[in-house]
Amino acid sequence: METLKILLVDDEVDCLETMGAIIQVWGYRVIKASSGKDALDALISGNPDIIILDYMMPGMDGVATLTEIRKINKEIPVIMFTAHPDIKSIKAARDLNVSVYTPKLS
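Residue numbering for the sequence shown follows my numbering, starting at 5 and increasing by one per position.
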């Protein structure tokens with residue numbers, strides 16, 4: 005059985021490294037991206053099975069990144085997390101077929 009690949013996207017290096025290490029311990033292969041643009045490149049080149057995406061990122065935020073992801077792959081499951089959940093971001097993510105939207109624990 006092939007190991008599932010998870011694309012982890014977060015602009016905070018500490019979070020990216022810590023979450024990546026935990027996900028690897030769980031037995032998954034992790035592809036890391038620190039920006040929306042890097043995430044799109046990794047989606048195309050890495051062919052992940054699932055994406056874990058931060059909402060609050062400079063430049064291209066999570067919703068803008070998810071909009072572009074959906075142009076490339078309409079079906080890939082996406083888990084979006086944020087340290088600052090609000091109704092607007094939840095609705096925007098839901099409209100883009102996000103699989104799960106969860107608060108980021110600090």
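By construction, the Cβ of each residue, glycine as well, lies at the ideal position given by its N, Cα and C atoms.
- A direct Cα-to-Cα measurement between Tyr32 and Leu12 gives close to 11 Å.
- Between the segment 69-77 and the segment 92-105, the count of C-beta pairs closer than 8 Å reaches three or more; the two stretches touch.
- Spatial neighbours of Gln28 in its own chain (CB-CB distance under 7 Å, excluding positions within 5 residues in sequence) are listed in chain order as Val34.
- By the criterion of a C-beta distance shorter than 8 Å, Ile80 is surrounded in its chain by Leu47, Pro52, Asp53, Ile54, Ile55 and Ile73, once the five residues flanking it on both sides are discounted.
- For Lys108, there is no enclosing beta strand (DSSP E), since its DSSP letter is neither H nor E.
- Inter-residue distance for Ser38 and Asp15 is about 4 Å (C-alpha atoms, whole angstroms).
- For Leu8, there is no enclosing beta strand (DSSP E), since its DSSP letter is neither H nor E.
- Here Gly50 is actually not in contact with Tyr59; their C-beta atoms are around 21 Å apart, not less than 8 Å.
- Contact between Met64 and Lys41 holds, since their C-beta atoms are separated by about 6 Å, short of 8 Å.
- Between Leu20 and Ala43, the C-beta spacing is not below 8 Å.
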